[in-house]
Amino acid sequence: NIAGAIKLAKELGPGKTIVTVLCDKSDRYHSKLFNKEFLIINNLPIPNWL
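If you read the sequence shown in this note's numbering, its first letter stands for residue 3, the second for the next number, and so on.
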């Protein structure tokens with residue numbers, strides 16, 4: 003992602019905006035976002051895959 007964004011920035015030149023998304027391992031979300039009990043307590047939707 004970063005290499006592609008840098009390459010594109012060089013091609014487009016100054017004054018342009020480029021957005022990229024960086025992924026992580028999601029290990030920081032296990033206690034909340036991926037925790038069914040947390041979602042229930044906070045009245046949040048539970049995805050089918052959870």
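The beta-carbon is built from N, C-alpha and C at its ideal position, and this holds for glycine as well.
Asked, Found
"Please check the pair N3 and T19, which I expect to be a contact at CB under 8 Å, by giving their CB distance rounded to whole angstroms.", "15 Å between Cβ atoms; not a contact."
"Pull up the distance between the alpha-carbon of N44 and that of K38, whole angstroms please.", "10 Å"
"Tell me which same chain residues have a C-beta within less than 8 Å of the C-beta of G1, skipping the five on either side of it?", "The question about residue 1 has no answer, for the chain in this structure spans 3 to 52."
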